Amino acid sequence: MALFPAGFRLSTRKIFPLVPIRFHPRKASGLHEEELAFQELYTAERFASCLHSCSDIRSLRKLHAHILSHGFGDNIYLGSKLLNLYASFGGLPESRWVFHKIINRNLSLWNSAIVGYFRASYFEEVLCLYLNLKFQGIGIDSSAVTFGLKSCIKLGNVEFGRGIHVDAIKFGLNKDKFVGSSLVGLYSSFQCMEDAQQAFEEILDKDVVAYTAMITGYAQLSEFHLFKAFGIASDMQREGLDANRVTLVSLLQAAGKSEALKEGQSVHCYALRREIDHADEVFQTSLVDMYARCGARTTAASVLRKMERRSVASWNALIAGLIHCGQVSEALKIFSLMQQEGNISPDSITLANVISACSDLNYAHFATRIHGYLIRRDIPLDIVLTTALIEMYSKCDKTTRARELFDQLIIRDVILYNVMISGYLQNDMVYEATILFGEMVKAGVRPNSATVLSMLSTFADLADIRRGRWIHGFVVRYCLQTDVDVSNQILHMYAKCGCIDIARTTFNSIAKKDLVSWTAMMMGYVNYGHADGALALFQLMQQTGEKPDTVTITTLLQALSQLGCLEPVKEIHGYLYRTCLEKDTATMNSIINTYGKCGRLDTSEAVFNNTKERGLTSWNTMITAYGMHGRCKKVLELFSQMQKENLKPDELTFTSVLSACSHAGFVEEGWRVFNSMSYEHSISPQEEHYGCMVDLLGRAGQLEEAYNFVKCSPLRDKASALCALLAACRIHRNTKLGEVIGSQLLDLEPTNSGTYALVSNVYAQAGKWSEAANLRTIARERGLRKIPGYSLIELEEHVCGI
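Mapping of the sequence shown onto my numbering: position 350 corresponds to residue 335, and the numbering continues sequentially without gaps.
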């Protein structure tokens, strides 16, 4: 295709309107009159000045043709302007043509092309030019590196950016403030804050742009890193640099995310002193967002009300902030006020936020009305609105309607798939979620970390190792294991499924382990009775310098309670006081429980009495400890005391109290407590409560009453209660009833080795040795084997199993 249309006629009057027309005698020779007027006026400078008057690509092509016809096609000065203009008008082929027609290309022309392509959003072309420039042998400068890095940010290509970083170091450009700021921006955009910090420290002459890039990077991270943004802002002030609007907006974002109202207010005061508040709409919108996220609803509304121009973005900030703080009803009221404003119409973000609020409140009817509003107003359902509607319908248990909306969209991104998959999982439709995940992969949509995290979490809860391995395969295929959260979830899934060895292999493969990695692996060991493995892992964690949190300590205490190790418990107790963690109620409850299991009931009692904020869990833990040591009177005393302090007992409380009554033989007290569940506390007894009562009656020798109690109970699964009664029959030598119960148990649990052992012992005690031997033979043929028990004893700080 020809670059310029054939036969076009150049009107120089339109292109050179300020140049006077001169008449020449040679007009008769056939040369156009206007063209004769410029025989002596064609210069590169005049062409360059005329290029600025081109308003579209058509006029630019005409002027370009004139430049070529007068021999300026190889002029670097004009060429740089032409290729920039072509790029700005979307004429990428023409821009390339101009660039390649210039033979002697210097670094200035290369930079001009790179800058022009970047401004025209041709980011891939920028990187191609950068690569070509590297091989020209003329070097690179800060401009090429800066715009190359900015293009990597736009394209989301951090690895290419790392390559440019290497080039910058090679040419000594990494200390340049423009290059350094771009490097900080690149790494912070991808949350590589260690690399960003290193690039920042290498800048010799740091300016406000460099500081702002670091602040913005930390403001985008989790709450743990947000306060670093304020630390960098303080460093910037000490260097005598004043924050600009972008800096303040980033600081407000950090304050809002971390709900740090005091820091946000200090930024607001700084802006008032600098008179930024009254002039900048973007800053005021950020203020509204910060105050709303920090729970200062009145102040946020006041800032919005005082704004001279309230845009839809300002209203959106207030609505979204209120939803973030859980003030969903208030967010809907603000939406109503926004509609009364008159000159502002809600956009897709507004409606998506309102739909989200409806889903949080389970206002399906209200959200459906908004959906109808969209249809009546012919508002197109873009991917943002559709995603919000799908999420709303899923939360309101209308997954069929959600799927209909999902199927209506032709172009579906990973976020849309994630929302639909999460909707299925929230409604326990695991099969449908699995099928949709397969369809997503077949459609060529690449799953991200959020996709596999939700799937892995579900399969971990279901202990579904087969499908968990299936998802693990996709994690490896798409290289998602580099995300530590994904690796931690894979570890947790294998541990929950009982595959401790695979979980440990996964743990060892994590390059940058965080505290969650260590704690998840320790939990895996504890949950499957490998307390010694958890203890060894904790010691290894300490060698790496990782500091434990309350969750880690609670897990460690569970391991020590399994091992019965008293001395390490004392050390952890002291550590809690040294690190001011004794105020954490959950951790102190674990201390009470562990001391009780290690035989130090007096210490458990002392810790319980010294705990200032004792919740229901604290009382339950102490009651359980007393019951474990056979202190039934103290159990009943504590049970009465907690009710006097207006604490309502739950199912666990009653289980502990009934168990204590059973072990102490307090039949009357047990019946009184059991009956109070329904009549006084409106709690329906569960299987464990019936089991405790059967055990209580059985231990007291009231076997017939216990058997009738089981038969009349509403339990679907009566196996555990019958097991307790069968054990009582053996103790009290009631062989006849034992045979009846044993027969029922064998029908209910034909694969339980413990049942065969119990029934066999009943037969043996009655002298029916052939029946006992027959049962043991059947169990052996079916491959049923009772796991032997063992005791633990601590000798000189070592735990031995007996």
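Ideal Cβ positions, reconstructed from N, Cα and C, are used throughout, including at glycine. All figures in this text were calculated on a predicted structure; none of them were measured in a lab.
Go through its chain and collect everything with a Cβ distance to residue i's Cβ below 6 Å, but skip five positions before and after it.
i              : result
alanine 649    : Cys617
proline 10     : Low confidence applies to proline 10: its pLDDT is 32, below 50, so where it sits in the model is not reliable, and the reading given next is rough at best. Correct list: empty, nothing qualifies.
tyrosine 580   : Thr588, Ser589
serine 546     : Thr579, Lys582
methionine 199 : Val169, Phe185, Ile217
glycine 408    : Ser379, Thr384, Ala387
alanine 544    : Val511, Ala516, Ala519, Leu520
leucine 730    : Leu707, Thr740
Residues in its own chain within less than 8 Å of residue i by CB, not counting five upstream and five downstream?
i                 : result
phenylalanine 624 : Ile608, Pro634, Thr638, Val642, Val658
serine 669        : Met662, Ser663
alanine 281       : Leu246
threonine 570     : Thr596, Glu598, Arg599, Gly600, Thr602, Ser603
serine 173        : Ala181, Ala198, Met199, Thr201, Gly202, Tyr203, Gln205
Rounded to a whole number of angstroms, what is the C-alpha to C-alpha distance between residue i and residue j?
i                 : j                 : result
phenylalanine -11 : tyrosine 107      : For phenylalanine -11, the predicted model reports a pLDDT of 33, less than 50, meaning its position is unreliable; a value from the coordinates is still stated below. The straight-line gap from Cα to Cα measures roughly 23 Å.
methionine 275    : glycine 241       : 4 Å
leucine 421       : leucine 465       : 19 Å
asparagine 473    : valine 501        : 7 Å
glycine 15        : aspartate 152     : In this predicted model, glycine 15 has a pLDDT of only 38, less than 50, meaning its place in the structure is not dependable; the value taken from the coordinates is given anyway. Each residue's alpha carbon lies about 58 Å from the other.
arginine 147      : phenylalanine 212 : 27 Å
valine 288        : alanine 181       : 34 Å
arginine 388      : serine 136        : 37 Å
glycine 686       : glutamate 622     : 26 Å
glycine 559       : threonine 539     : 14 Å
tyrosine 479      : arginine 362      : 50 Å
alanine 277       : glutamine 324     : 19 Å
tyrosine 402      : leucine 390       : 12 Å
serine 271        : isoleucine 576    : 45 Å
lysine 155        : isoleucine 125    : 10 Å
aspartate 449     : methionine 506    : 18 Å
aspartate 392     : cysteine 343      : 22 Å
alanine 751       : arginine 718      : 8 Å
isoleucine 340    : methionine 178    : 35 Å
leucine 140       : glutamate 110     : 11 Å
Quick check on residue i: buried or exposed, where buried means 16 or more other Cβ atoms within 10 Å of its Cβ?
i                 : result
glutamine 269     : buried
lysine 721        : exposed
alanine 716       : The residue you asked about is not alanine; residue 716 is isoleucine in the sequence shown. When all chains shown are included, isoleucine 716 counts as exposed.
asparagine 328    : exposed
phenylalanine 120 : exposed
valine 620        : buried
asparagine 574    : buried
proline 365       : exposed
isoleucine 396    : exposed
proline 432       : buried
glycine 202       : buried
leucine 586       : buried
leucine 681       : buried
glutamine 238     : buried
Is residue i a contact residue of the ligand COA, with contact defined as CB to any heavy atom under 8 Å?
i             : result
aspartate 274 : Summarising the ligand content, the structure contains no ligands, and the ligand COA is consequently not present.
Can you give me the Cβ contacts of residue i inside the same chain, cut-off strictly under 7 Å, excluding the 5 residues immediately before and after it?
i              : result
serine 667     : none
leucine 158    : Ser127, Val130, Val164
glutamine 24   : Any reading at glutamine 24 must be qualified, since the residue scores a pLDDT of 45, below 50, and its modelled position is unreliable; no value is offered.
histidine 457  : Ile475
alanine 764    : Ser738, Tyr741
aspartate 382  : Asn412
arginine 452   : Thr419, Phe444
leucine 441    : Gly453, Ile456, Gln474, Ile475, Met478
aspartate 789  : In this structure the chain extends from -14 to 787, so residue 789 is not present and cannot be described.
isoleucine 495 : Val469, Ser472, Ser502
Taking only runs that begin and end inside the region 455 to 543, name each unbroken alpha helix (DSSP H) of 4 or more residues, in chain order.
Runs of alpha helix (DSSP H) with 4 or more residues, each lying fully within the region 455 to 543, are found at 469 to 481, 485 to 494, 500 to 512, 516 to 529, listed in chain order.
Which complete alpha helix (DSSP H) runs does the region 329 to 375 hold, if anything under 4 residues is left out?
Correct list: 333 to 346, 349 to 361.
Alpha helix (DSSP H) segments (min. 4 residues) lying fully within the region 658 to 746:
If only complete runs of 4 or more residues are kept, the region 658 to 746 shows the alpha helix (DSSP H) at 672 to 684, 688 to 697, 704 to 716, 720 to 733, in order along the chain.
Just to confirm the assignment: which complete alpha helix (DSSP H) runs, minimum length 4, are found wholly within the region 373 to 439?
Runs of the alpha helix (DSSP H) inside the region 373 to 439: 384 to 393, 399 to 411, 415 to 427.
Hey, which unbroken runs of the alpha helix (DSSP H) at 4 residues or more fall wholly within the region 552 to 594?
Whole alpha helix (DSSP H) segments, 4+ residues: 552 to 563, 570 to 582.
What are the start and end residues of each continuous alpha helix (DSSP H) run of 4 or more residues lying completely inside the region 262 to 336, in chain order?
Counting only runs of 4 or more, we get 266 to 278, 282 to 291, 297 to 309, 313 to 325.
Beta strand (DSSP E) runs contained entirely in the region 158 to 228, provided each spans 3 or more residues
None, since the region 158 to 228 contains no complete beta strand (DSSP E) of that length.
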